[in-house]
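Colleague: Residue numbers for the sequence shown follow the UniProt record's numbering, beginning at 1 and rising by one. Every residue, glycine too, gets a C-beta built ideally from N, C-alpha and C. Sharing a structure here in structure tokens format.
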Amino acid sequence: MFSLRLLVGFLISTQWLTGCVSTQHLAYFQDVSGQKASLTIPDRYVPAIQPGDILSVQVSSLNPEATSFFNPYAAITVAERGNVPMQVTNTTPLLPANGYLVDANGMIELPMLGKVKVSGQTITQVKDRLRESLKEYLKEPTVNIRNLNFRVSVMGEVARPSLFSIPNEQITLLEALSLSGDVTIYGRRDNVLIIREENGNRSFGRIDLTQRDLFNSPYYYLHPNDIVYVEPTRVRAATADRTNQLLPIILSGLSFLAIIVSQF
1 MFSLRLLVGF
11 LISTQWLTGC
21 VSTQHLAYFQ
31 DVSGQKASLT
41 IPDRYVPAIQ
51 PGDILSVQVS
61 SLNPEATSFF
71 NPYAAITVAE
81 RGNVPMQVTN
91 TTPLLPANGY
101 LVDANGMIEL
111 PMLGKVKVSG
121 QTITQVKDRL
131 RESLKEYLKE
141 PTVNIRNLNF
151 RVSVMGEVAR
161 PSLFSIPNEQ
171 ITLLEALSLS
181 GDVTIYGRRD
191 NVLIIREENG
201 NRSFGRIDLT
211 QRDLFNSPYY
221 YLHPNDIVYV
231 EPTRVRAATA
241 DRTNQLLPII
251 LSGLSFLAII
261 VSQF
């Protein structure tokens with residue numbers, strides 16, 4: 001009986017420490033009514049190449065023997081890289097160095113073609129330029145380019161904060177939050193921060209996940225190396241403070257009761 005009372009008291013204390021969060025603050029898109037609604041959203045984001053990017057450039061043509069000269073790096077297959085976003089951890093094996101690093105001047109150096117300016121252009125634009133340049137050396141050349149280091153970070157009040165590698169080079173804020181296990185009950189959904197650095201400039205954007213206007217935000221489509229930060233709510237801070245204050249007292253009390261119980 002005594003042990004049962006002790007257990008009940010401990011559970012009540014734990015519940016009190018956990019605090020409570022109103023379900024009203026947990027819902028997304030709160031301004032969407034039950035009736036059919038529509039919203040015009042901007043075109044999907046197409047990233048531009050930046051200094052620091054690592055590009056995989058694979059050339060093919062009707063003459064495989066001549067083409068091999070333009071492919072000093074082995075192609076990354078789908079089996080090696082995968083076609084779904086990947087969580088990057090301390091134990092994640094690094095991809096082999098089989099890409100071209102875009103230097104500080106926005107250039108890459110290719111066999112025969114020499115230095116080529118690529119920064120500020122989309123992958124499609126660079127592919128078209130290289131294909132035209134390769135016609136001097138190859139018959140009916142084709143070019144495939146992929147950005148090997150398109151990554152976004154998600155941190156703060158989410159279930160699984162992490163750095164994610166995005167092989168298809170397109171991801172939205174909602175998709176990134178889904179990869180991280182969604183915002184916890186202690187995360188602020190009305191004030192998500194996105195930190196973005198492009199061309200030496202750093203910008204900060206705020207998005208309210210409870211409003212459908214988020215689809216029109218320039219921060220809805222994430223860019224390479226974006227950082228998503230979900231702030232904790234006041235309930236989280238208050239809970240942590242109460243836990244730090246009362247947990248030593250509760251543990252001491254439980255230890256004292258355990259000693260008393262052991263005497264009987």
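So, residue 288 versus A159, is the Cβ gap smaller than 7 Å?
Modeller: Limits of the chain in this structure are 1 at one end and 264 at the other, which puts residue 288 out of reach.
Colleague: Can you tell me where the alpha helix (DSSP H) holding L130 begins and where it ends?
Modeller: L130 -> alpha helix (DSSP H) spans I123 to L134.
Colleague: Reducing DSSP to helix, strand and coil, say where S61 ends up.
Modeller: The answer is coil: DSSP assigns S61 none of H, G, I, E or B.
Colleague: Alpha carbons only, please: which of S217, L193 and F150 is nearest the one belonging to L39?
Modeller: Looking at the Cα atoms, S217 is the closest of the given residues.
Colleague: From the DSSP output, in three-state form, read off S180 for me.
Modeller: It is coil, neither helix nor strand.
Colleague: Within 10 angstroms of the Cβ of Y221, are there 16 or more other Cβ atoms? Answer buried if so, exposed if not.
Modeller: Burial call: buried.
Colleague: Once DSSP output is grouped into helix, strand and coil, what is the label at N216?
Modeller: Helix, per DSSP.
Colleague: Would you please state the rounded distance, in angstroms, between the beta carbons of P111 and P141? I believe it to be under 8 Å.
Modeller: With a Cβ gap of about 13 Å, P111 and P141 do not count as contacting.
Colleague: Assuming contact is defined by CB atoms lying nearer than 7 Å, are R189 and L209 in contact in what I supplied?
Modeller: Closer than 7 Å, so yes.
Colleague: Which residues bound the beta strand (DSSP E) around Y229?
Modeller: Y229 -> beta strand (DSSP E) spans I227 to V230.
Colleague: What does the alpha-carbon distance come out to for the pair V143 and F150?
Modeller: Spanning the two alpha carbons is a distance of roughly 19 Å.
Colleague: DSSP on E157, reduced to helix/strand/coil?
Modeller: E157: coil per DSSP, three-state reduction.
Colleague: At what residues does the beta strand (DSSP E) containing R196 begin and finish?
Modeller: Note, R196: beta strand (DSSP E), V192 to E198.
Colleague: Suppose you measure from the CA of R212 to the CA of A27; what does that come to, to the nearest Å?
Modeller: Rounded to whole angstroms, R212 to A27 spans 12 Å at the Cα level.
Colleague: Is R206 helix, strand or coil by DSSP?
Modeller: Correct three-state label for R206: strand.
Colleague: So K117 is in the beta strand (DSSP E); what residue range does that whole segment cover?
Modeller: Note, K117: beta strand (DSSP E), G114 to K117.
Colleague: Which stretch, first to last residue, makes up the beta strand (DSSP E) that contains E109?
Modeller: First-last of the beta strand (DSSP E) with E109: M107 to L110.
Colleague: May I ask you to list the residues that DSSP assigns as paired with V152?
Modeller: In DSSP, V152 forms a bridge with F164.
Colleague: Could you check which residue in P64, S133, N105 and V152 has the C-alpha nearest to that of G52?
Modeller: Per the Cα distances, N105.
Colleague: Suppose you measure from the CA of L163 to the CA of I194; what does that come to, to the nearest Å?
Modeller: For L163 and I194, the distance between alpha carbons rounds to 14 Å.
Colleague: Beta-carbon within less than 6 Å of A123's beta-carbon, same chain only, minus the 5 sequence neighbours each way: which residues are those?
Modeller: A small correction: the amino acid at residue 123 is Ile; Ala does not occupy that position in the sequence shown. Taken in chain order, the residues that qualify are I145.
Colleague: Return the chain-ordered list of same chain residues with a C-beta closer than 7 Å to the C-beta of D31, the five sequence neighbours on each side being excluded.
Modeller: Within the same chain, D31 has close Cβ partners Q211 and R212.
Colleague: Using only the alpha-carbon positions, how far apart do E175 and E65 sit?
Modeller: If you take the alpha carbons of E175 and E65, they lie about 42 Å apart.
Colleague: I195: beta carbon under 6 Å from a heavy atom of the ligand MG?
Modeller: With respect to the ligand MG, the structure shown offers nothing to examine, as it has no ligands at all.
Colleague: Where does the unbroken beta strand (DSSP E) through T142 begin, and where does it stop?
Modeller: Where T142 is concerned, the enclosing beta strand (DSSP E) stretches over T142 to N147.
Colleague: Can you tell which of S119, I54 and S56 has its C-alpha closest to the C-alpha of G200?
Modeller: Nearest of S119, I54 and S56 to G200, Cα basis: S119.
Colleague: In this structure, how does DSSP classify S38 when only helix, strand and coil are distinguished?
Modeller: Residue state, collapsed to three classes: coil.
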